[in-house]
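Data first, discussion second: the structure below is written as structure tokens.
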Amino acid sequence: MTGIHNYIRYNSGSREHLYRLLKWCDKCSLYRNIYKSRIKSKTSGLTNFPSELSIETTSLCNARCTICAHPDMKRAKGNMKTELVKSLIKQAGQGEVNKLFLSGFGEPLIDKRLPEFVEYAKKQNIDNISIVTNGYLLTPQIAGSLVDSGLNEIIISMDGFTPETYNKIRVGLDFEKLAENISGLPSIKKRSKIQITISCVSLTHNQKERQEAFSRFGRYVDGIYFRQAQGWTGKYGESDAGYTPHFEPNSIPCRYLWDSASVYIDGSVPTCCLDFEAEGVMGNAMQDSLEDIWRGEGFANCRQAHLQNRKSELVPCGKCGYYSVWW
């Protein structure tokens, strides 16, 4: 199942074919009943720890992307204290997290401590460590240090595949510099089994560049996929309405509440990774353990509201346009 899931994830065409199939299936009452049964099964129990954890070691960024809320973000921008990062990593290891992201609402490669944190995570027996980066600082030297530290995955966010489109969206960065970094990745990949993919937000004005994406960059990475545009809790970005394969997405609880958690630089645990201003704080990791926060009253109330189709009453969920797919 993991192999099929990854193939769909990293193959843009397969994902689109699957979503068209699900849209067709969603017309059938039998399918809807099966889908609701799956959601009920997945939400009936709760693990002691999220399967995915994102630690925002830095909230600083070197870009001012037009589709991102970071340039207008009001919460603190800086680096997480080293002792907190390591405490969270240790808890993740003890909680047997399936995947650890050492990145959040900032550019992780700005943090020079990153290789140190990856090495520490490996010592905590965490086998799947990833970062999401704009790739602008991903020089062969930095990529090499990350590979040597044991990093398992690099996801490069890239929302345009010509200089005109990319430079317009990723303000402050340069397309040719990023292209040079990406072209140097195969030599790094020879040193390890690291997975490197390109992620692109599906926007109206980059649809015509899909073929360019695969023809120019496909040979350098393990996959390129187009993903749902985020509205960042209703404040930014394009509408997500056309992306979901189901007709009544607002009645579906968000799987983030059962799957994943994020910790921001000050220790605050937001509702989810899209809650960029931490409007719905579930707790603070400086004061309580992640397990206690994950199983605490804040998350419990939020999950119950989603199950009862009352998420419109919540902040920030009531403003969010993200649609979960539970397959």
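In terms of the working numbering, the sequence shown opens at residue 353 and continues consecutively. Idealized CB from N, CA, C, for every residue including glycine. All figures in this text were calculated on a predicted structure; none of them were measured in a lab.
Where residue i sits in the DSSP three-state scheme
i: ASN636; result: strand
i: THR318; result: Within the shown structure, residues of the chain are numbered from 353 to 679, placing residue 318 beyond reach of any answer.
i: PHE578; result: strand
i: ARG662; result: coil
i: LYS545; result: coil
i: VAL470; result: helix
i: CYS654; result: helix
i: PHE527; result: helix
i: THR399; result: coil
i: LEU503; result: coil
i: SER539; result: helix
i: SER320; result: Because residue 320 is not part of the residues shown, which for the chain are 353 to 679, the question remains open.
i: LEU489; result: coil
i: GLU532; result: helix
i: ASP592; result: Confidence at ASP592 is low in this model, with a pLDDT of 44, below 50, so the placement of that residue is unreliable and no value is reported for it.
i: LEU382; result: helix
i: LEU452; result: strand
i: SER676; result: coil
C-alpha gap between residue i and residue j, whole angstroms
i: ALA444; j: ASP479; result: 11 Å
i: THR517; j: GLY456; result: 25 Å
i: LEU398; j: ALA657; result: 16 Å
i: LEU498; j: PHE469; result: 10 Å
i: TYR616; j: SER501; result: 23 Å
i: LYS433; j: ASP618; result: 8 Å
i: ASP526; j: LYS542; result: 26 Å
i: LEU537; j: ASP511; result: 19 Å
i: PHE578; j: SER551; result: 6 Å
i: HIS369; j: SER439; result: 42 Å
i: GLY632; j: LEU461; result: 27 Å
i: ASP378; j: TRP678; result: 13 Å
i: ASN431; j: GLU643; result: 23 Å
i: GLN547; j: ILE540; result: 11 Å
i: ARG372; j: SER554; result: 16 Å
i: ALA652; j: ASP463; result: 33 Å
i: GLU532; j: LEU489; result: 11 Å
i: THR395; j: LEU609; result: 9 Å
i: GLY673; j: GLU528; result: 33 Å
i: ASN450; j: ASN504; result: 12 Å
8 Å contact criterion, which residue i and residue j should meet: CB distance rounded
i: PRO668; j: ASP627; result: 5 Å
i: THR485; j: ILE508; result: 6 Å
i: PHE513; j: ARG568; result: 7 Å
i: PRO605; j: SER614; result: Not confirmed; about 18 Å, so no contact.
i: GLY487; j: ILE534; result: 7 Å
i: CYS625; j: SER406; result: 6 Å
Top-ranked residue by Cα proximity to residue i, from the options
i: GLN476; options: LEU452, SER381 and CYS606; result: LEU452
i: SER603; options: LYS388, GLY635 and TYR383; result: LYS388
i: LEU436; options: GLU643, GLN660, TRP678 and ALA637; result: ALA637
i: LEU659; options: LEU374, ILE386, ILE391 and TYR383; result: ILE391
i: GLN582; options: HIS422, LEU609, LYS426 and GLU532; result: HIS422
i: SER620; options: ARG607, TYR608 and SER641; result: SER641
i: LYS426; options: ASN661, THR395 and GLU629; result: GLU629
Whether residue i touches residue j by CB criterion (9 Å)
i: THR549; j: ILE481; result: no
i: TYR675; j: GLN580; result: yes
i: GLY458; j: LYS429; result: yes
i: THR410; j: LYS520; result: no
i: ARG647; j: ASN400; result: yes
i: GLY650; j: GLY670; result: no
i: ASN414; j: GLY496; result: no
i: TYR472; j: ILE441; result: yes
Residue i at chain C interface by Cβ criterion, 9 Å
i: VAL523; result: Here there is only one protein chain, and chain C is not present.
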